[in-house]
Amino acid sequence: MELLGGEQRPAAMGLLRDACENWGFFEVLNHGISTELMDKVEKLTKDHYKRVREQRFLEFASKALLKDDGCDDGMKKKAEELDWESTFFVRHLPESNIAEIPDLDDEYRGVMKRFAGELAALAERLLDLLCENLGLEKGYLTRAFRGPSGAPTFGTKVSSYPPCPRPDLVNGLRAHTDAGGIILLFQDAQVGGLQLLKDGEWVDVPPMRHSIVVNLGDQLEVITNGRYKSVMHRVLAQPDGNRMSIASFYNPGGDAVIFPAPELVKAEEAAVAYPKFVFDDYMALYVRHKFEAKEPRFQAFKAMETESSNRIAIA
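This is the structure we're talking about:
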């Protein structure tokens with residue numbers, strides 16, 4: 001990202017445009033978050049898993065998978081519907097709940113709070129870069145995310161993906177698109193497993209020390225009217241190593257009304273533009289259908305929008 005401040009800015013912006021239009025994923029370096037802070041976050045996160053969560057996960061794991069290969073189809077299906085991960089969630093905005101998360105010591109809380117602040121600033125910087133590439137007014141996306149309440153929804157999912165004795169039987173995390181806006185991931189630099197779907201093929205997202213992996217959620221697909229698309233991704237369970245994943249979701253506020261930016265909807269395309277909806281309503285549908293294709297979710301809201309328009313016309 002340091003290239004954005006010099007004469008190589010046009011080329012860097014071109015890379016960003018290609019990543020958003022054709023991949024939905026990219027990794028950023030020199031993003032302004034200190035390596036010292038990232039190293040501290042990584043150490044405390046791994047220590048917390050070892051101290052607090054590892055034994056709980058081992059108890060879950062012992063029940064989740066069969067010890068032998070002779071399981072019937074019913075048990076295999078059940079295993080395939082599990083995610084081989086240990087997680088906890090922290091909400092930062094509109095109000096933080098980090099003080100309420102059990103088993104976090106004061107040092108870890110303080111470091112996570114500082115890291116979240118840095119990530120929120122990076123998310124807003126990236127959103128403005130997307131605006132520039134899209135030809136939108138600076139700040140358009142951050143304002144769209146804030147909605148009437150004046151604040152986005154911002155939270156972090158802290159995950160560990162311990163070694164799995166049967167990676168053929170269970171996923172680390174099943175394939176899905178992310179429901180929200182822009183997602184910033186600090187992933188393990190040693191243990192891989194994250195993959196994205198590109199042209200029908202699964203592609204590895206390689207670990208890169210001190211990088212932040214960024215991917216676009218369903219809301220940016222709607223706001224950009226399909227110019228940028230959310231992408232299916234998954235995490236493969238690994239037989240060795242414990243993968244750390246800290247995914248922070250900078251999403252619209254619950255009351256934000258999401259719709260395609262008018263500047264990105266051509267007159268002849270207006271009839272087939274993405275739907276308009278309240279973000280909380282979208283999330284209520286998403287949680288029931290997370291591991292399914294996104295298109296039916298969009299179609300459901302488009303159908304409701306059409307029905308509402310017809311009722312108004314009849315009245």
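Here full-length UniProt numbering is used: the first residue of the sequence shown is 1, the next is one more, and so on. The C-beta atom is built at its ideal place from N, Cα and C for all residues, glycine as well.
Exposed or buried, Thr-35, counting other C-beta atoms within 10 Å across all chains shown (16 or more means buried)? It is exposed - the Cβ of Thr-35 has fewer than 16 other Cβ atoms within 10 Å.
State whether the stretch 185-196 contacts the stretch 90-99, with contact taken as three or more CB pairs (one from each stretch) at a distance under 8 angstroms. They do not touch, by the three-pair rule.
Per the DSSP calculation, Val-191 is bridged to which residue(s)? Checking the DSSP bridge columns, you'll see Val-191 has no partner listed.
Would DSSP call Asp-281 helix, strand or coil? DSSP places Asp-281 in helix when its eight states are reduced to three.
Measure the C-alpha to C-alpha separation of Leu-129 and Phe-57 and round it to an integer number of angstroms. Leu-129 and Phe-57: Cα-Cα distance of roughly 40 angstroms.
Separation of Arg-166 from Ala-151, as counted between CA atoms: Going from the Cα of Ala-151 to the Cα of Arg-166 covers about 43 angstroms.
Counting only the same chain and skipping the five closest in sequence on each side, list residues whose C-beta sits under 6 angstroms from that of Arg-109. A distance below 6 angstroms between beta-carbons, with the five flanking residues on each side excluded, links Arg-109 to the following residues of its chain, in chain order: Ile-98.
Where Asn-225 sits in the DSSP three-state scheme: Here DSSP, grouped into helix, strand and coil, assigns Asn-225 to coil.
Residue from Gly-181, Thr-224, Leu-220 and Arg-234 with nearest C-alpha to Val-203: Of the listed residues, the one whose Cα sits closest to Val-203 is Arg-234.
Hey, Gly-253 and Arg-146 are a contact pair by Cβ (cut 8 angstroms); roughly how many whole angstroms apart? With 8 angstroms as the limit, Gly-253 and Arg-146 qualify as a contact, their Cβ atoms being about 6 angstroms apart.
Are the beta-carbon atoms of Phe-154 and Ile-246 separated by less than 8 angstroms? No, the pair does not count as a contact, with Cβ atoms beyond the cut-off.
Drop a sphere of 10 angstroms on the beta-carbon of Asp-69, count the other beta-carbons inside from all chains shown, and report buried for 16 or more, exposed for fewer. Since pLDDT at Asp-69 reaches only 48, below the 50 mark, its modelled position is unreliable, and no value is offered.
Would you mind sorting Phe-89 into buried or exposed? The rule is 16 or more other CB atoms within 10 Å of its CB. Result: exposed.
By the three-class DSSP mapping on this structure, what secondary structure does Asn-242 have? In the three-state reduction of the DSSP assignment, Asn-242 falls in the coil class, being assigned neither a helical nor a strand state.
Cβ of residue 317 within 8 angstroms of Cβ of Thr-177? The question about residue 317 has no answer here: the residues shown for the chain are numbered 1 through 315.
Taking the C-alpha atoms as reference points, what is the distance between residue 323 and Met-1? The question about residue 323 has no answer, for the chain in this structure spans 1 to 315.
Look at the Cβ atom of Thr-87, then the Cβ atom of Ser-159, and state whether they are nearer than 8 angstroms. Cβ atoms of Thr-87 and Ser-159: closer than 8 angstroms.
Residue from Ile-33, Val-41 and Glu-263 whose Cα sits closest to the Cα of Val-222: Comparing Cα-Cα distances from Val-222 to each of Ile-33, Val-41 and Glu-263, the minimum goes to Glu-263.
Buried versus exposed call for Gly-172 [16 or more other C-beta atoms within 10 Å across all chains shown]: Counting the other CB atoms within 10 Å of its CB gives Gly-172 a total of 16 or more, which places it among the buried residues.
Does DSSP classify Phe-60 as helix, strand or coil? It is helical.
Does the Cβ-Cβ distance between Ala-303 and Leu-136 come in under 8 angstroms? No.
When you compare only the Cα positions, how much space is there between Asp-255 and Tyr-282? About 11 angstroms.
Can you find the residues in the same chain that come closer than 6 angstroms, C-beta to C-beta, to Phe-259, ignoring five residues on each side of it along the sequence? Answer for Phe-259: Lys-276, listed in chain order.
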